[in-house]
Every structure is written in structure tokens, then in C-alpha cells.
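Q: Our numbering puts the first residue of the sequence shown at 1, with every later residue one more than the last. The beta carbon of each residue, even a glycine, is placed where N, CA and C say it ideally should be. Nothing here was measured: the structure is a model prediction, and the numbers come from that model. This is the structure I want to talk about, given as C-alpha cells.
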Amino acid sequence: MSLIEINNLTKKYNTGSAQGGELVTAVNNISLNIEQGEFITLMGQSGSGKSTLLTIIGGLNKPTHGNIIVDEIDIYKLSADALADFRREYIGFVFQAFQLIPYLTVIENIILPLAINNNYSRQEQTELAYSILEKVHLENKANRLINNLSGGEQQRVAIARSLINDPLIILADEPTGNLDSKTSLDIMNHFYDLNNEGKTIIIVTHNPELVNQCGLAGKYLVRNVQMEDGKLSLEPAGKKTEEVSV
Ligand code: ADP
Ligand code: MG
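Now the structure itself:
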């Protein structure tokens, strides 16, 4: 079994008024298997369906047809509560616009996902947050307000927040889209480190050179997937992903 199995996935959005509106097919009958530990770069023009595919994989967007099996769980067959649990346990999301809460501190933002259903004391939450902040080298900014951080630092906080529940899968939607090239490379290197620690990563990016620069190039587990008009236009042969499945 692959970690993620995407089977004949289609997503149509109704873009018109409530009834009889126009349907847009954002994802059009996609099938794809992703192995644990892979680093997938998802590329394609604006509007090609990348964000839609990512949110479907992340359990945030129910497909119109098809299914997605993660770790043998058919996720959209779950109840709403079970799907929320699935997201918390399996998925870390990182967005282009960071989506942090500006009037909270770094630590407060990072522990926010723990607010629901957790058995940690405040002290334990803070210790956990510090240990994750060390991974992104921000432990010295733990008590700063988000507003007082640079864009690159904010994205590192967002990465740290995505890790708080130790998910198997990190989904990142153009995480370097708002950052200069040097900062983008730093962020990509953090994803590279996480992949080395065993996280499965799917990242939407417009910038394939970043992958080449940060040490991922030539890595056996990196796979580029191209989208065009809701379909996968390119899935290069010759990557030996089958050989890593367990
Ligand atoms: P990308 O991330 O590659 O730019 P998207 O997945 O955001 O692509 O969008 C794919 C298509 O679906 C586009 O035509 C877009 O306008 C449409 N779309 C995306 N989200 C919605 C939505 N919530 N409602 C209606 N149409 C949407
Ligand atoms: Mg998008």
C-alpha cells in the first residue's frame, strides 16, 4: 500500500448563483500514488487545480468523484469529527500567506493546534513548542509577536505550527511565494530537513530551481508532478518510487 492513494479524483465547483450555475472542473479524474517519505513538487499554471488537489489530500475539500486513501483510511468516508481527527493526526498545512494570528506570540501560535483534544499541561505544550522552534532556529524569538517578525521568520513559525502534532504528511501551498530568493531557499531547506526526518512532503511551487539549490536535486525520493487543466500532464518515468514502498 502507498501512504496516499488518489483514485479517479474529480472536483467540480459551482461558480454561478445558487442554482444552475456554471460548473468548473478544477481536478479532472486524477489518479496518483504517493509513497511514505516522498518529496513531491507540484507545479502548473495558475488555475490548473494545484490548491484544490492539495486541499483534497489534506481532508479540507470533499471531491465530487473518486476517493483518496491515506494510510488505508478512505478519508471522505469518515464522519466530520473523525475527519477532523484525521487532519490533526496526519496533516500539517503551510500556506503562502502564513495564516498566523498576528496579535499572538510565536509560542502561542504554535501551540494553538493543541487547543483541541489534548492532554498536555501548559508547561508541556510550551516545552514541545520550544523543541519544534529549535528545528526552525527560532527559539530566541519565542515570545515575539508575529507582527514583529520578517516574512521568512513568519513562514518558519508556520512550519513549526504544522509540526506540533507530529504529522506524517506536510502539505505546503506556494510557501515561498511571498519571500525573496534567499529566504525562499532557507525555507526550502527546512522542508528538505523534514523530509530527511521521514516526513512525506507535497509542495506547490513555481520555482523548481529552489529544489536544485537546496540539496534535493538528484534525490531519489523527489518527484515532480505537473498539472494542466485539472489533469496530471507529466509524471516522469524512471523514478524508482516503487522500490521504497514497504
Ligand atoms: P491553482 O492552485 O493551480 O491556481 P485552484 O485549485 O486554485 O488552482 O483552481 C482551479 C480552478 O478551480 C480555477 O478555475 C479556480 O477558479 C477554480 N476554483 C478554485 N477554488 C474555487 C472555489 N472555492 N469556488 C469556485 N471555483 C474555484
Ligand atoms: Mg493555488
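Using DSSP with H/G/I as helix, E/B as strand and the rest coil, what is T205?
A: The residue you call residue 205 lines up with position 205 of the sequence shown. Correct three-state label for T205: coil.
Q: Taking 9 Å as the cut-off, decide whether the C-beta atoms of G44 and Q226 are in contact.
A: Mapped onto the sequence shown, residue 44 falls at position 44. Mapped onto the sequence shown, residue 226 falls at position 226. Yes.
Q: For a quick check, are the C-beta atoms of A142 and I91 less than 9 Å apart?
A: Looking up residue 142 in the sequence shown gives position 142. Looking up residue 91 in the sequence shown gives position 91. Against a cut-off of 9 Å, the Cβ pair of I91 and A142 comes out as no contact.
Q: Which same chain residues end up closer than 8 Å to Q154 when comparing Cβ atoms and leaving out the 5 residues on each side of it in sequence?
A: By 1-based counting over the sequence shown, the position of residue 154 is 154. Cβ within range, chain order: F98, L100, I146.
Q: For S233, which residues of its own chain have a beta-carbon under 7 Å away from its beta-carbon, when the five flanking residues on both sides are left out?
A: In the sequence shown, residue 233 corresponds to position 233, counting from 1. These residues qualify, in order along the chain: Q226, M227.
Q: According to DSSP, is V106 helix, strand or coil?
A: What you label residue 106 is simply residue 106 of the sequence shown in a count that begins at 1. Helix.
Q: With distance defined between alpha-carbon atoms, name the residue in I30, L3, M188 nearest to T10.
A: Your numbering for residue 10 matches position 10 in the sequence shown. Out of I30, L3, M188, I30 has the C-alpha closest to the C-alpha of T10.
Q: Nearest to V27 by alpha carbon, out of G37, G21, I56?
A: Position 27 of the sequence shown, counted from the start, is the residue given in the question as residue 27. If we check each option's Cα against that of V27, I56 comes out closest.
Q: When the cut-off is 9 Å and only beta carbons count, does L179 lie next to chain B?
A: Absent here is chain B; the protein component of the structure consists of one chain.
Q: Going along the chain, which residues of its own chain have a beta-carbon closer than 6 Å to the beta-carbon of L53, five neighbours each way excluded?
A: In the sequence shown, counting from the first residue as 1, residue 53 sits at position 53. Here the set comprises V27.
Q: Tell me the DSSP secondary structure of G152 in three-state form.
A: By 1-based counting over the sequence shown, the position of residue 152 is 152. Helix at G152.
Q: Tell me which residue opens and which closes the alpha helix (DSSP H) that E228 is part of.
A: By one-based count along the sequence shown, residue 228 stands at place 228. Where E228 is concerned, there is no enclosing alpha helix (DSSP H), although the beta strand (DSSP E) it sits in stretches over 222 to 228.
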